[in-house]
Structure formats: structure tokens, C-alpha cells
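Trainee: Heads up: the protein sequence lines correspond to chains Z and B, in order. Take the first sequence: its letters are residues 75 to 211, numbered as in the working numbering. Take the second sequence: its letters are residues 1292 to 1598, numbered as in the working numbering.
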Amino acid sequence: MPLWIQILPGSDEPIYIQVTEQISKAIARGELASGDKLPAVRKLASELVINPNTVARAYSRLEQAGLVTTKTGSGTFVTDPKLRKTDAADINMLTERMDTLITRGLNLGIEAQDLIRLFENRLTKFSDKLNERKEEK
Amino acid sequence: MNNIVLKTKGLTKYYGGTLAVDHMDLEIPRGCICGFVGRNGAGKTTAIKLMLGLLNPTAGSSRLLGCDSSALTPAIRQRIGYVTEGHRLFRWMNIGGLEKFQRAFFPKQWDDRFFADMIEYFELSKKQKIKHLSNGQRAQVSLALALAPNPELLIMDDPTLGLDAAIRRQFLEGMIELIMRQGRTVLFSSHILGDVERVSDRIVVIDKGVLRANCSLEQFQKAIKKVILSFADSVPDLVNIDGVLHCKRSEKQLELTLVGTDDEKISEWAKSAGAENYNIIKMNLEDQFIEFTAPANDRRLFQWEER
């Protein structure tokens, strides 16, 4: 599956974060499945017209997060979800982000029940794709 | 191999009584793309001309690839590419003639095939005369001439000035293509911060002839941020936190632009100053550059006033 990454210069997110987040999202949605190979650093840099060090930086952050594994000489691959480790800090970070979203939602006057429904709706968008991928295989 | 490809020491240039470059100590490591930014008249072009030995410094010195800029040997010059501001090329020559002329300076490493491919890609022909080309086409020829000798160090003075988005992107692609080859370094000046952000991994900021920053782009982006603090009664008189670049007060709010102050320090200070709450605001590169080079008096061109 082609990996579509859009670079937005002039954003308050540095480009290596933009690349990291878009690849993370592609993994979460199943567009990149466990075992899939990421494009080579130089190839992606050339395609996106960004500095190769920026791509390397993004890949090393993904590796730190346990989402990908680099095998010397053969490339960078999406890690098997079973092998990914979650620690208390990850859960904390997730809770904080959810709090921000909940605050915004409540401030917009959305009821708690509707927020839950909205959350579930979005979640199915991700799991549908994941299931599709599994069936393909 | 020496890993500093460009080094200036106390580099200074006066034009009559006007100081254009002020004691600049700059070191650029091999292998980076370095965005050289500064406002109009900050001294970028002068600095570049001093580095290339096209101007004599009033004081100080500069070295390229380990050789003094005022005495660059032909052997060293062959390893350096230079693109002038405005892409000034001999107007009476045709593209092929210009290639032949330029190739004579780089006899060992001129890549005929690469040059021909680029000219073809740009839908130009070697027979075309420079004087009949548009600004954009002249820039494309200049890009092909700069890349064909596969320079170890490429210095470009505002190469994308006045170019359309597509040709600008071709310059960025050219820089990325060059940097992928082993040991190549690019220094380019530009006013388009989005381009700098895209391709650079290093940023050099010059303001009024003074070197203000020379660091990785990531460091620069991390270092400059804005904090807005709210106070219940009134803003404290004393703002004793390190790294304050600008400080704007209103009745109950304090807006600080900080350089190199980490988030913990901000939190500590907010607490000790008695702030009710505070917000750290991320800035984009353009805002960071504007704040970083703005005079300290915080006057704005158009001041909005409540009536």
C-alpha cells in the first residue's frame, strides 16, 4: 500500500514530528501492517523533498516508540503489535491527550453520551481498516 | 578529511563607515544543508562574497575547505560551486556555450550527462541564448551549471528569489539530490522560511551583520517559544527569568518570548511569580525568526488600540 505523507512547512509542528505522526497514524489504521517495510530514508527524503536527516530522525523516534524495528542492511519494518510494549508513561500521555479532547468537547456543549458515541464512531474507522487488512492476508 | 568545511574568524567588513559584517565566527560542518537567513540588508550577500574571496575583509579571516578565502587555489575552487544572487549569466552566450565555458573550470568532474538531462527535463535546448530566456529558465540553467560539477561545497545566494513554486521546488530537489552524495555540503540564503524548514538540517541567522544563531534547525525550533501568563491582580514588575527576548505586559497578562528556557524553568518561575495559570505556545519557524530578529522595543507597525 502506498504511504501518503504530506509535509506542511510553516506549521508549528517541526517536519520530523509531522512525518512521525503520519506514519504512526498509518500504522494505527492498518495502512501499514506488521512486517511492512518503510521506504528507505533516502528514498522518502527524495520523494518528500526534505532533508534525509529529518527522515532518519522520524524513523528513530518511531523506533523509540517501539512501532518499527530497523534491521541493519535490510531496512525498517513495522513491529508486530504483540511485541510493542506500553508503559505507564505512554498511558499517562494518552490520558492527557484524551483530557484535552474531552475538555474541548464539553466546552462546545456536547453531552457526555454524544462524546462517547463520537469516540466509538472514530474508533470503528480505524478497526474497519485493520480488519480489512487481516482479511486480505 | 577535515569536518569543518567553512570557517570564519572575526570576519568583518565595513563599506566606508557602514558596518556590514561584524566579527563573525562561523563554523559549518560537512554533510549538512544549511539555511542562511537574515532580514534584507543583514549582511548575507556580503558574508557570502567574503567567504568566496570576492571581497576583501576589513578584518578577520575566512577559510573554505581548509584554504584561506583570499587565496583559493584553482584546485580548491574546483570543489566549490557558487550561485550568484539573480542568476547572472553571460547574456550573449547560448546554453551549450555557457556549459563549455563553465566546464573548463571543473575539468575533472563535470558530468555532461547530468547537465544534458537537466536541460532536457527543463524543456530547454543547448542552442537557446541566455538573453532570450525568462527569469525562471535562467535560474534553471544556473541550477544545472551549479550541480553538474558535483561540488563538494555549494554556496547559493538567495537562489529562489522571485521564482515560481515549481522552479523553487526544483532547487530544493537539487539540494537534496546533492546532499545524498557522500560528504557534500550546501549553504544557501533565503527569505522563504518554508523552504529553509523543508530542506535544511542547520540554520544560521545573521542580523545587522552579527551572527545570532548557528545550530541544528531542530534546536532552533525547540529553543524559541512564547509563554502567556495570567495574574489575578497585576503583572509583577520584575521578570527575572533567563532567556527573555521580548516582554509584553497588559493589566493582568504577561507575554514572554523566550530563547533556550526549558519548560520546567518556566513552570518554576510561573509559580514563584504567582501566576494563576500559564500557557506555552509553540511557534512556527517564520514567527520564531521574526521574533528572534525583532528589535527589543516591541513597537509594532500598526498598534491596535481599544477605543
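Where is the CB? At the ideal position from N, CA and C, for every residue including glycine.
1. Evaluate contact between the segment 1477-1487 of chain B and the segment 79-93 of chain Z, counting only Cβ atoms and requiring at least three cross-stretch pairs below 8 Å.
2. Quick one: is B/Ser1491 near chain Z, going by C-beta distance under 9 Å?
3. Would Z/Ala135 count as contacting chain B if we go by Cβ distances under 9 Å?
4. Mapping the DSSP letters down to three states, classify Z/Ala100 as helix, strand or coil.
5. Please tell me whether B/Ser1319 has its Cβ less than 9 Å away from any Cβ of chain Z.
6. How many Å lie between B/Pro1442 and B/Arg1404 at the Cα?
7. Which residues in the same chain as Z/Leu122 place their Cβ atom closer than 7 Å to its Cβ, once the five residues preceding and following it in sequence are excluded?
8. Z/Asp86 by DSSP, collapsed to three states: which one?
9. Would Z/Gly84 pass as an interface residue toward chain B - the criterion being a Cβ-Cβ separation below 9 Å?
10. Taking the alpha-carbon positions, what's the B/Gly1427 to Z/Gly183 distance?
11. Could you work out which residues of chain Z lie near B/Gly1485, taking near to mean beta carbons separated by less than 7 Å?
12. Please report the straight-line C-alpha distance between Z/Met75 and Z/Pro113, rounded to a whole angstrom.
13. What do you get for Z/Thr177, buried or exposed, if any count of 16 or more other CB atoms within 10 angstroms of its CB means buried?
14. Identify the contact partners of Z/Ile139 in chain B, using a Cβ-Cβ distance below 9 Å as the criterion.
15. Where Z/Ala100 and B/Arg1460 are concerned, what is the direct C-alpha to C-alpha distance, given to the nearest angstrom?
16. By how many angstroms is the C-alpha of B/Cys1325 removed from the C-alpha of Z/Arg196?
17. How many Å lie between Z/Ser108 and B/Phe1406 at the Cα?
18. Checking contacts by CB at 9 Å: is B/Glu1376 closer than that to chain Z?
19. Would you call the CB atoms of B/Ala1430 and B/His1482 closer than 9 Å?
20. Just how far apart, CA to CA, sit B/Leu1317 and B/Cys1358?
21. Using a Cβ-Cβ cutoff of less than 8 Å, which residues in the same chain neighbour B/Thr1349 once the five nearest sequence positions on both sides are dropped?
22. Could you work out which residue in Z/Ala102, Z/Thr94, Z/Ser98 and Z/Ala132 is closest to Z/Lys203 when comparing CA atoms only?
23. Helix, strand or coil for B/Leu1379 per DSSP?
24. Distance, Cα to Cα, B/Val1432 vs B/Ile1458?
25. Kindly indicate the opening and closing residues of the beta strand (DSSP E) around B/Gly1372.
26. Closer than 8 Å, Cβ to any Cβ of chain Z: which residues of the segment 1326-1339 of chain B, in chain order?
27. Quick check: what's the CA-CA separation for B/Arg1472 versus B/Met1466?
28. Would you identify the three-state DSSP class for Z/Met75, choosing helix, strand or coil?
29. Under the three-state reduction of DSSP, which class applies to B/Arg1493: helix, strand or coil?
30. Check whether chain Z comes within 9 Å of B/Gly1551, counting only Cβ atoms and requiring the distance to be less than that.
31. When you compare the CB of Z/Asn127 with every CB in chain B, is at least one pair closer than 9 Å?
32. Count the other CB atoms within 10 Å of the CB of Z/Arg191; is the residue buried (16 or more) or exposed (fewer)?
33. Can you name the residues of chain B whose CB is closer than 8 Å to the CB of Z/Ala162?
34. Quick one: which chain B residues come within Cβ less than 7 Å of Z/Ala119?
35. Can you tell me whether DSSP reads B/Ser1481 as helix, strand or coil?
36. Just the chain Z side, please: which residues come within less than 9 Å of B/Asn1575 by C-beta, in chain order?
Mentor: Reading off the structure:
1. With three or more CB-CB distances shorter than 8 Å, the segment 1477-1487 of chain B counts as touching the segment 79-93 of chain Z.
2. B/Ser1491 counts as touching chain Z.
3. Position check: residue 135 of chain Z holds Arg in this sequence, whereas Ala was assumed. Under the Cβ criterion of 9 Å, Z/Arg135 is not counted among the residues facing chain B.
4. The answer is helix: DSSP assigns Z/Ala100 an H, G or I state.
5. It is Ile, not Ser, that sits at residue 1319 of chain B in the sequence shown. Not closer than 9 Å to any Cβ of chain Z, the Cβ of B/Ile1319 fails to qualify, so no.
6. Annotation: B/Pro1442 to B/Arg1404 spans about 16 Å, alpha carbon to alpha carbon.
7. Result list for Z/Leu122: Ile79 and Ile81, in chain order.
8. Looking at Z/Asp86 - three-state DSSP - the assignment turns out to be coil, as it is neither helix nor strand.
9. So, interface residue.
10. Whole-angstrom Cα-Cα distance: 53 Å.
11. The contact set of B/Gly1485 on chain Z, defined by CB atoms closer than 7 Å, consists of Pro83 and Gly84 in chain order.
12. Unreliable placement is indicated for Z/Met75, whose pLDDT of 46 sits below 50; the coordinate value is still reported in the next sentence. About 11 Å.
13. Burial call: exposed.
14. For clarity, residue 139 of chain Z is Ala in the given sequence; the question names Ile instead. The CB of Z/Ala139 never comes closer than 9 Å to any CB in chain B; the least such distance is about 17 Å.
15. Answer to the nearest angstrom: the Cα atoms are 26 Å apart.
16. Straight-line Cα distance between these residues: approximately 42 Å.
17. Here the alpha carbons of B/Phe1406 and Z/Ser108 stand approximately 43 Å from one another.
18. Answer no: the Cβ-Cβ gap between B/Glu1376 and chain Z never drops below 9 Å.
19. No, the Cβ-Cβ distance between B/Ala1430 and B/His1482 is not below 9 Å.
20. Rounded to whole angstroms, the separation of the alpha carbons of B/Cys1358 and B/Leu1317 is 15 Å.
21. So the qualifying residues of the chain are Thr1303, Lys1304 and Tyr1305.
22. With distances taken between Cα atoms, Z/Lys203 lies closest to Z/Ala102.
23. Note on identity: in this sequence residue 1379 of chain B is Arg, with Leu being the wrong assignment. The DSSP-derived three-state label of B/Arg1379 is coil.
24. Here the alpha carbon of B/Val1432 sits roughly 11 Å from the alpha carbon of B/Ile1458.
25. B/Gly1372 -> beta strand (DSSP E) spans Ile1371 to Val1374.
26. Taking a C-beta cut-off of 8 Å against chain Z, none of the residues of the segment 1326-1339 of chain B qualify.
27. In a straight line, the C-alpha of B/Arg1472 is about 10 Å away from that of B/Met1466.
28. Its pLDDT being 46, under 50, Z/Met75 is placed unreliably in this model, and the coordinates cannot settle the point.
29. Assigned with DSSP and collapsed to three states, B/Arg1493 falls in strand.
30. Residue contact check for B/Gly1551 against chain Z: no CB pair falls below 9 Å.
31. So, interface residue.
32. Under this definition Z/Arg191 is an exposed residue.
33. Within 8 Å Cβ-Cβ: nothing; Z/Ala162 doesn't reach chain B, min ~20 Å.
34. Those are Ile1467, listed as they occur along chain B.
35. In the three-state DSSP reduction, B/Ser1481 falls in the coil class, being neither helix nor strand.
36. Result: Pro83, Gly84, Ser85, Asp86 and Glu87.
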